[in-house]
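A short write-up of the structure that comes next.
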Amino acid sequence: MLQSKTFSKKTRGGKVQKIVREHYLRDDIYCGAPFCKSCDASVSRLSADASTILVVDTNVVLNQIDLLEKTAIDDVVVLSVVLDEVQNKNKSVYKRLRDICSNPSRKFYVFSNEHHKETYIKAMAGESPNDRNDRAIRVAAQWYQKHLTSAVRILLITNDKENKRKACEEGIAAETVESYVRSLGQPELLDSLRQPSSEDVAMDDVEDLRPSKKQAIYSEHKPMSEITAGLHHGIYHQGKLRVNRYNPFEAYVGSESIGDEIIIHGRANMNRAFDGDIVAVELLPQDQWHGEKSLSIVDEDDEDEGVHLAPSSADDAPRTRNAQASNIEAHHASDRPHGCVVGIIKRNWHSYCGSLEPMELPAGSGGIAHPLFVSKDRRIPKIRIQTRQLGNLLDKRIIVAVDSWDRFSRYASGHYVKTIGDIGDRDTESEVVLIENDINSRPFSSQVLACLPPLPWSVAPEHITDPNREDLRSLRVFSVDPPGCRDIDDALHCTPLPNGNFDVGVHIADVTNFVHPGTPLDDEASQRGTSVYLVERRIDMLPKPLTEDICSLRSDVERLAFSVIWEMTPQADIVSSRFTKSVIKSCAALSYVEAQARMDDSRLVDPMTTDLRNMNRLAKIMRQRRIDRGALTLASAEVKFQIDTETHDPLDIGMYQIREANQMVEEFMLAANISVAQKILTHYPFCSLLRRHPTPTREMLEPLLRTAAAVGLDLDVSSSKALADSLDRAVGNDPYFNKLIRILATRCMTQAVYFCSGDISPPEYLHYGLAAPLYTHFTSPIRRYADVIVHRLLAASLGISKLPVIFQDRPQLTSIADNLNYRHRNAQMAGRSSVELHTLIYFRKRPTDTEARIVKIRSNGFIVFVPKFGIEGPVYLTGKGDKGVGEWVVDEQHQLVKKVDGTVSYHVLQMVSIHMEVVEPQPNRPKLQLTLM
């Protein structure tokens, strides 16, 4: 049966176009109940012994997804109208719902009510889309009642009073979520219910929330209409709130409208905003701007700092634009601008990992307790939850979701989601790292694993004879990687030519030969985006049979590769380049240490060692040429652990050592990435996936310039070349001085990001750090999905395969790039958190005295960097609760903190002796404490 809808649409050219939408209705869409006499039992998903089938409305899914994920909730019909509405309103909840519906162990069934001839409805005149969808849900529930007769009870679950009233009038059984959960007799399930805020509930239901009963703690958020107008007139400024990791009461909002960061000081000025929220900020009067001297490092339990009663409505009124403008103009001669959050444009709330503050078990009150949840992430405020299982949760790491934050409440309200494990257990704490950074560590599904070729796998004769693939097995190919590397995705060769030049090749695992577009394997890799490297384990983007066997370029086995091959002169000039799919056979899988030892041992003159030395000689020339162009040699505090193979505990810790062998491999990988970027952009100027590193602004470099000036350095930041030369000249008596300056420079940089070439103009393609006008990622497809995309682009540009249709969908490509950037950043953050966790484990039994360098000055102490261990942390000059903070003053110009009487001072980059030990000032919250000796 066909339903047609016709309407007219005006085109840009002014013509009227007739649009006809066709909607097919069917009568062979099954109900999903195995006991139904009239439906095909092979498509059933509900229980054979179900006594009640639930039909949920859209708001229940959006607000109670944590509850729906509990296995106690089953035999649920999800209507297509609900699925579509959830997809439009919240992509994250939609994905979680799809995961439940596709899980064979859960009894959730998606019913296409919009295509069933008995449940499809048209909108009535004057009916809103929301009312139409509610009616469609009731019609579907009624159809189920009639269809399954008395075999089972159909129950509509809705928290919408009007929808529930209409359902009851129409003879449909309906209940609220809470009432249904109570009927199950599992009180702990009530903990997972989202608690309504005062805005969600009618005022007559929450008399105690009236302003007359409670005094406001925070200012009221402005309505979006007022925020939009304020942004347009320059009264408000929009940006993402970033909370200081050493002081949760200090935050920054990067504002494009004033070209600087606005400091938000204190919880009251943050006004219920969470780290990552997109906020609207109003600048404070300039007499309320503080210098950096007022900014301090704060101990973890100073939770109440900066919270006071909200201003009266008179103080709340926005000031004129002239006052705003004068503030901005005055900023250049004064301190950095300070502001307060006046509204939340987009919330960044998600689930948080942490533990409950210790408290006594409640007497009476039905066993319901209202403890405070403390997130592992110090930047997150405490959250008040309601629980009936306090005794079971006090020594556990748990997940909590935020529901609301009322202006009359000191704390946000939330609900318990699930328990992870015992506090302090290494596996539990590692799981927390993954959850906090949204890392998918679940085993690969059977659908994904079904895409893999059977093991054992080997190169087949048809690969050798494939006209699109070269047989390069005769080349002396070798790989150089970290010790113990099993997912080897790159190998090299360097063969002297009769004319004195070199035939040089970079060979990359041909992952796209096994990962085909649109398959479950490809979809999974696309979502994961990247492999994640923790201290004690790796979470793969692709299943292990691919990463460690089929694709890994191991020694002495034939493997498929995608090769970039150059002819190079002895001066490392490229004479010619070519790209080809190939078959290779690596003759050695060397570690960086082994490769370096070969190059350094003058007694070794075998062909492979000679190849290594030739490659290293070329790499040094290429590296110097890059540096001469303006490429930056930056530094980061990379930490290396030696891990016990049985207990997985850290045995030793130190900074990662970079050798010439590392730099040699890096140089040829950079060259391959640049060559491939040029090739794919020539063929696909509007849909190539590239990587850029935006030029940092002067404001971003300000902390580096202030530090440099304080130690007598004059850094030129007018270009990457000028900065690179300045960094080379930044030497002192301290052997760590130059490395510290480079680490500080690294921290001032923007993030490098993936992008679609059609989204921005070519001048913006620049990679600032590499001083390269064009760059991409091609060399690690085993562990990065970006490289998989680039392999497909390169293969299409060579005529080896067709360009997948997704490359014609620019918004979809942009969405993929955004996800890759999100996943890449999360993987980095997870890696750092894993290092912090293992640092705690290592020092728990090893109190240590060592040297540190001061990298940031604050009014009550400073942040130090410990070169020996690659660790950074705060050192306090005043004790907790010490009222003598005024004894110390900050001299911003000279970047030092000194006693008022001038007897003692500490300056930036000074070496200090510190004691490091793990302490537990609060139960279940261990931390590495650094104290001056």
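Residue numbering for the sequence shown follows my numbering, starting at 893 and increasing by one per position. Ideal placement from N, C-alpha and C gives every residue a C-beta, glycine not left out.
Which value, in whole angstroms, describes the spacing of the CA atoms of threonine 1212 and proline 1627? Low local confidence applies: a pLDDT of 34 at threonine 1212 is under 50, so the model's placement there is unreliable, and no value is given.
Confirm, please, whether the CB-CB distance from phenylalanine 1454 to histidine 1683 is below 9 Å. yes
Kindly give me the distance between the Cβ atoms of valine 1674 and cysteine 1443, rounded to whole angstroms, as I take these residues to be in contact under 8 Å. Reading off the sequence, residue 1674 comes out as isoleucine, not valine. Rounded, the Cβ-Cβ distance is 6 Å, consistent with contact.
Using a Cβ distance threshold of 8 Å, determine whether the stretch 970-977 contacts the stretch 1024-1040, with at least three qualifying pairs required. yes
Where does the unbroken beta strand (DSSP E) through leucine 1824 begin, and where does it stop? 1819-1824
Valine 1645: CB within 8 Å of a non-hydrogen atom of the ligand SAH: As presented, the structure is devoid of all ligands, the ligand SAH included, so that no description of it is given.
Taking Cβ to Cβ, would you say alanine 964 is nearer than 9 Å to leucine 1076? yes
CB contact flag (tyrosine 1308, leucine 1344, <9 Å): no
Should the stretch 1688-1695 be called in touch with the stretch 1569-1587, which here means at least 3 C-beta pairs below 8 Å? yes
Counting C-beta neighbours from all protein chains within 10 Å, is the total for proline 1759 16 or more, i.e. buried, or is it exposed? buried
Does DSSP classify tryptophan 1349 as helix, strand or coil? coil
Where glutamine 1821 falls, given that 16 or more other Cβ within 10 Å makes a residue buried: buried
Suppose only complete runs of 3+ residues qualify. What are the beta strand (DSSP E) ranges in the stretch 1259-1295, listed by chain order? 1264-1267
Determine the DSSP secondary structure at arginine 1451, reduced to helix, strand or coil. strand
Lysine 1748, enclosing beta strand (DSSP E) - first and last residue: 1740-1750
Near proline 1665, what residues of its chain come up, given a Cβ to Cβ distance below 7 Å and the 5 sequence neighbours on each side ignored? Tyr1657 and Leu1658
Cβ-based burial, glycine 1410 [other Cβ within 10 Å; buried from 16]: exposed
Exposed or buried, what is glutamate 1321 when buried is set at 16 or more other beta-carbons lying within 10 Å of its beta-carbon? buried
Is it buried or exposed for cysteine 1060, if we count other Cβ within 10 angstroms and need 16 for buried? exposed
Where DSSP assigns a beta bridge to valine 1233, which residues make up the other side? Val1173
Euclidean distance between Cα positions of tyrosine 1734 and isoleucine 1545: 8 Å
By a C-beta neighbour count over all protein chains shown, 10 Å radius and 16 as the cutoff for buried, is glutamate 1054 buried or exposed? exposed
For the alpha helix (DSSP H) holding histidine 1039, just list the boundary residues, first then last. 1021-1039
If we ignore side chains and look at the alpha-carbon of each, how far apart do serine 1483 and serine 1649 end up? 36 Å
Cysteine 1272 classed as buried or exposed, judged by whether at least 16 other C-beta atoms fall within 10 angstroms: The question names cysteine, yet the displayed sequence has isoleucine at residue 1272. Buried.
Any chance you could list the beta strand (DSSP E) runs of at least 3 consecutive residues sitting entirely within the stretch 903-982, in chain order? 908-916, 944-948 and 968-971
Are the CB atoms of phenylalanine 1757 and valine 1789 nearer to each other than 9 Å? no
Relative to the C-alpha of phenylalanine 1560, which residue among Thr1671, Ala1601, His1230 and Arg1164 is closest? Thr1671
Which partner residues does lysine 1014 have in the DSSP bridge list? According to DSSP, lysine 1014 bridges with nothing at all.
Could you tell me the distance, in whole angstroms, from the CA atom of threonine 1011 to the CA atom of alanine 1709? 39 Å
When the Cα atoms are used, what is the spatial distance from leucine 1427 to histidine 1730? Per the sequence shown, the amino acid found at residue 1427 is valine instead of leucine. Computed Cα separation, rounded: 7 Å.
So which of Ser1301, Val1294 and Thr1742 has the shortest CA-CA distance to lysine 1106? Ser1301
The beta strand (DSSP E) that contains arginine 1057, what's its start and end? Taken as a continuous stretch (DSSP letters only), arginine 1057 belongs to no beta strand (DSSP E), being part of the alpha helix (DSSP H) at 1053-1061.
Does DSSP put arginine 1724 in a helix, in a strand, or in coil? helix
Check whether the Cβ atoms of glycine 924 and serine 936 lie closer than 9 Å to each other. yes
By the 10 Å Cβ neighbour count, where 16 or more other Cβ atoms means buried, how is arginine 1634 classified, buried or exposed? buried
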